[in-house]
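Peer 1:
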Amino acid sequence: MVEMRMRDALREALREELLRDERVFLLGEDIGLYGGSYTVTKGLLDEFGAKRVIDTPIAESGIVGAGIGAAMAGMRPMVELMTINFSFLAMDQIVNNAAKLHYMSNGQINIPLVIRMASGGGSQLAATHSHSLEGMYAHFPGLRIVCPSNPADGKGLLKRAFRDDNTVIFIEHTANYSLKGEVPDDEDYLVEFGKATVVREGTDVTLIGYSGSVHQATRAATMLAEQEDVDAEVIDLRTLRPLDMDTVIASVKKTNRAVVVEDDWKFGGFGGELSAQIMEQAFDWLDAPVARVSGKDVPMPYNRNLEFAALPSEEDVVDAVLSMF
Amino acid sequence: MPRRKSKVADGTNPPALTDDVLRDIFERMVRIRSFEEEAGKLMESGRIPGALHLYVGEEAVAAGVMVHLTDDDQITSTHRGHGHLVAKGGDLGRMYAELFGKAGGYCKGKGGSMHISDVEKGMLGANGIVGAGPPIAIGAAFSNKYRGTGNVTVCFFGDGASNEGTFHEAANMAALYGLPVIFLCENNGFGEYTRQDRHQAIRDVADRAAGYGMPGVVVDGMDAVAVYETAGEAIARARRGEGPTLVEAKTYRYFDHVGVRGMGVVYRDDSEVLEWRKRDPIDLLGSRLEELGVMTREQMDTLQERVLFEVREAIAFAEASPDPTPDQLLEDVYTVTAGAR
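Protein chains in written order, with numbering that gives the first Met the number 0: chain A, 0 to 324; chain B, 0 to 340.
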């Protein structure tokens, strides 16, 4: 094990995959010479050359489509889209091609493409640069949605993404890039998709998060234990598609209460999907309606205080839990 | 993943226009025409559902290009894509079965007319989204360049698609990276129901090539030999590693955007249709073959009968094919990945 930050763990994953498989190459805006907007790809151009680490024009639809075409032709490309907000420009390629062509071609076409996107607010970049859109992507059958919360998972899930024959939307919360953690240095270290983890065991309520929101949930669990004598269990989903409902349902049947924590908007969001599935599968075990702690229903404001108010906090999670007793 | 050794057609210069090549082009055109006319009848009689975008009138383009390609050269197609796959050697029975929505179709009835693909033949898909193909084509071309296969990718698109941002993005990157791709614009004069002069201020889409730093060439898309020669030069150039070319073939859609009717419509005069039909691509090439003594009229008639028989066999296959069963509904949403490899 080696302690490293999320951005370094992700870089390690990319580096190991580039070394492992000649078919892997990276496409993106400023990923080469500049090293990536969040420095995830720093140094890879020097090590692997311009044939495999390719600076592209700012042309999201073009580069995602190029990744799709190369993947169809047998390559294992990765496309970095700087932020998830810019992926709207590539929406047609992602939704109409990457997500659907395997099905529409009777399984003839595989698109093993990894699309990395930074996500989340908190940096005062306002509404075109700060959203969390994983719920929207999770809506589409045919895509895998991966949302790591810590460096070890970041590395293991990203390496696993390159082994998948489907398109993987790999979402990196900007607040997690500097997060430190112990990371296995084994080059065969992979984290399987569809396996949630119990980050903290507890008996009174289940807090469900992913990506950035796992950390609000964990901090809320500490506050609940120290201040309110409530023993919360925290689950990190890790991937939204495939979704590990077994772990969620087993926990809810033990605690009888569930709170979903997400940065994304509540209205029509992924938390609503989780609540519905919990209700469908564990209604008789619930002592209270499933609660959702989500981003506020507004475009992300620029002002520091407003942005803080728009994002879910650990205090919001604590309040939601207390209202269930 | 082990890959087959790629085949490259005849080195890096266009193959000579032999009598065999002329007959090959002619046969491909006749096969497209016959496939499309019969498909149109089936649609009119209500036996084929959905929307058919027929290729009739544009046959010289697909045939003149495809005769240069092997199965290891890729194409990306459009919503008007039947002609491309027929010319690339697609299985007519599986194509018709797909139009019928049957389990024996290329896509097991899940794609339909606008989404037929044949990966084995290097046909990366017709596409129901105008302008979706160019980015995919440059990705495939990138793969060819990366592996050094010598193969090329031909990106078919229309005058309408040339206004989409995706074309601009892909053309820019293709020239920037020197990719082995040919942007083959089938300018049939209309983006759906809108005449070219009402959807762009230029007359020649090929002019746009200058903006990307690649050659742009206009060719008579009704003249299969002209298409053959121009596309051949662009393809040979791409195989030599000299980068992309924009080829604009001026052609004409006899029928409507969707379906068969092409006369008595608000967006064009019947006289215009008749004028274009005077230069029918199959008639033009047929006369030439006769003059050159490559084929007699009798041989052409025999060929047309043989192709029509083949088409009817294909339709019979498609009609006999079963519908997909409900248990197939959820199949193939995801590729089955055997975990870590």
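For every residue, glycine included, the Cβ atom is placed at its ideal position computed from N, Cα and C.
Since the structure is predicted, the reported quantities are computational estimates derived from the model, not experimental observations.
Run through DSSP, which three-state label would A:Ala-12 get?
Peer 2: Looking at A:Ala-12 - three-state DSSP - the assignment turns out to be helix.
Peer 1: Taking CB distances under 8 Å as the criterion, tell me whether A:His-65 reaches chain B.
Peer 2: Residue identity differs from the one stated: residue 65 of chain A is Ala in this sequence, not His. Judged by the 8 Å Cβ criterion, A:Ala-65 is in contact with chain B.
Peer 1: To the nearest angstrom, how far is the alpha carbon of B:Asp-18 from that of B:Arg-305?
Peer 2: Approximately 20 Å, taken between the alpha carbons.
Peer 1: Give a yes or no on contact between the region 126 to 140 of chain A and the region 123 to 143 of chain B, applying the rule of three or more CB pairs nearer than 8 Å.
Peer 2: With the cut-off at 8 Å, the region 126 to 140 of chain A and the region 123 to 143 of chain B do not touch.
Peer 1: In the region 111 to 125 of chain B, which residues sit with their C-beta less than 7 Å from some C-beta in chain A, listed in chain order?
Peer 2: Flagged, chain order: His-114, Ser-116, Val-118, Leu-123, Gly-124.
Peer 1: Can you check the region 74 to 151 of chain A for any beta strand (DSSP E) of at least 3 residues that lies completely inside it and give the ranges in chain order?
Peer 2: 75 to 82, 113 to 118, 142 to 145, all fully within the region 74 to 151 of chain A.
Peer 1: Using the rule of at least 16 other Cβ atoms within 10 Å of the residue's Cβ for burial, across every protein chain shown, is A:Pro-76 buried or exposed?
Peer 2: Its Cβ being crowded by 16 or more others within 10 Å, A:Pro-76 is buried.
Peer 1: Could you pull the start and end residues of the alpha helix (DSSP H) that A:Gly-61 belongs to?
Peer 2: Element bounds for A:Gly-61: 59 to 71.
Peer 1: With a threshold of 8 Å between beta carbons, is A:Ala-103 in contact with chain B?
Peer 2: Correcting the residue type first, residue 103 of chain A is Met in the shown sequence and not Ala. Answer yes: the Cβ-Cβ gap between A:Met-103 and chain B drops below 8 Å somewhere.
Peer 1: Between the alpha carbons of B:Ser-112 and B:Ala-237, how many angstroms are there, rounded?
Peer 2: One C-alpha to the other measures close to 30 Å.
Peer 1: Are the Cβ atoms of B:Gly-108 and B:Pro-243 separated by less than 8 Å?
Peer 2: Cβ atoms of B:Gly-108 and B:Pro-243: not closer than 8 Å.
Peer 1: Beta-carbon separation of A:Arg-143 and A:Thr-238 under 8 Å?
Peer 2: Taking 8 Å as the Cβ cut-off, A:Arg-143 and A:Thr-238 qualify as a contacting pair.
Peer 1: Check whether chain A comes within 8 Å of B:Thr-244, counting only Cβ atoms and requiring the distance to be less than that.
Peer 2: For B:Thr-244, the answer is no, since every Cβ of chain A falls outside 8 Å of its Cβ.
Peer 1: Just the Cα atoms here: how many angstroms apart are B:Val-153 and B:Val-60?
Peer 2: So the alpha carbons of these two residues sit roughly 12 Å apart.
Peer 1: Could you tell me how far apart the beta carbons of A:Gly-35 and B:Ala-136 are, in whole angstroms, since I believe they sit closer than 8 Å?
Peer 2: That belief does not hold up - the Cβ atoms of A:Gly-35 and B:Ala-136 are roughly 27 Å apart, past 8 Å.
Peer 1: What does DSSP give as the partner residue(s) for B:Ile-181 in the beta ladder?
Peer 2: In DSSP, B:Ile-181 forms a bridge with B:Val-153, B:Thr-244.
Peer 1: Which runs of the beta strand (DSSP E) fall wholly inside the region 234 to 264 of chain A and span at least 3 residues, in chain order?
Peer 2: Within the region 234 to 264 of chain A, the complete beta strand (DSSP E) runs of at least 3 residues are 238 to 240, 257 to 264.
Peer 1: Please confirm whether A:Gly-141 and A:Tyr-176 have their CB atoms less than 8 Å apart.
Peer 2: Not a contact, by the Cβ cut-off of 8 Å.
Peer 1: Could you check the C-alpha separation between B:His-198 and B:Gly-159 for me, to the nearest Å?
Peer 2: Cα to Cα, the separation comes out at about 7 Å.
Peer 1: B:Asp-90: buried (16+ other C-beta within 10 angstroms of its C-beta) or exposed?
Peer 2: Burial call: buried.
Peer 1: Using a Cβ-Cβ cutoff of 9 Å, what residues of the region 159 to 188 of chain A are near chain B? List them in chain order.
Peer 2: Within the region 159 to 188 of chain A, the qualifying residues are Arg-159, Arg-162, Asp-163, Asp-164, Asn-165, Asp-187.
Peer 1: Could you pull the start and end residues of the beta strand (DSSP E) that B:Gln-73 belongs to?
Peer 2: Element bounds for B:Gln-73: 73 to 75.
Peer 1: Identify the contact partners of B:Pro-134 in chain A, using a Cβ-Cβ distance below 8 Å as the criterion.
Peer 2: Those within 8 Å of B:Pro-134 in chain A are Ser-60, Gly-61, Ile-62, Val-63, Gly-64, Ala-65, Ile-67, Gly-68, Gln-92.
Peer 1: If you measure from the beta carbon of B:Tyr-211 to each beta carbon in chain A, is any gap under 8 Å?
Peer 2: No - not a single Cβ of chain A is within 8 Å of the one on B:Tyr-211.
Peer 1: What does A:Gln-107 reach in chain B if we use C-beta pairs closer than 7 Å?
Peer 2: Within chain B, the residues near A:Gln-107 are Ser-116, Val-118.
Peer 1: If you compare alpha carbons, which of B:Arg-194, B:Ala-200, B:Phe-182 is closest to B:Pro-214?
Peer 2: Taking only the C-alpha atoms, the option nearest B:Pro-214 is B:Phe-182.
Peer 1: Using a Cβ-Cβ cut-off of 8 Å, state whether A:Lys-194 counts as contacting chain B.
Peer 2: By this cut-off, A:Lys-194 is not an interface position.
Peer 1: Against chain A, does B:Lys-101 count as a neighbour if the rule is that its beta carbon must be under 8 Å from one of theirs?
Peer 2: Not an interface residue.
Peer 1: A:Glu-232 and A:Ser-212: beta carbons closer than 8 Å?
Peer 2: Contact flag unset, no.
Peer 1: Any idea if B:Asp-196 is buried or exposed, counting beta-carbon neighbours within 10 angstroms, 16 or more meaning buried?
Peer 2: Its Cβ having fewer than 16 others within 10 Å, B:Asp-196 is exposed.
Peer 1: DSSP three-state label for A:Asp-318, please.
Peer 2: Correct three-state label for A:Asp-318: helix.
Peer 1: Comparing the C-beta of A:Lys-50 with each C-beta of chain B, is any distance below 8 Å?
Peer 2: Yes, A:Lys-50 lies at the interface with chain B (some Cβ there is under 8 Å from its Cβ).
Peer 1: Could you tell me if A:Met-5 is buried or exposed, where buried requires 16 or more neighbouring beta carbons within 10 angstroms of its beta carbon?
Peer 2: Buried, because 16 or more other Cβ atoms sit within 10 Å of the Cβ of A:Met-5.
Peer 1: Please decide whether A:Asn-84 counts as near chain B, where near means a Cβ-Cβ distance under 8 Å.
Peer 2: Judged by the 8 Å Cβ criterion, A:Asn-84 is not in contact with chain B.
Peer 1: What in chain A is Cβ-close to B:Val-151, meaning under 9 Å?
Peer 2: By Cβ distance, chain A contributes nothing, its closest Cβ being about 12 Å from B:Val-151, past 9 Å.
Peer 1: Look at the alpha carbon of B:Gly-10 and the alpha carbon of B:His-78, and state the distance between them as a whole number of angstroms.
Peer 2: Reliability of the predicted coordinates at B:Gly-10 is poor, the pLDDT of 49 falling under 50, and the value obtained from them is presented with this limitation in mind. So the alpha carbons of these two residues sit roughly 32 Å apart.
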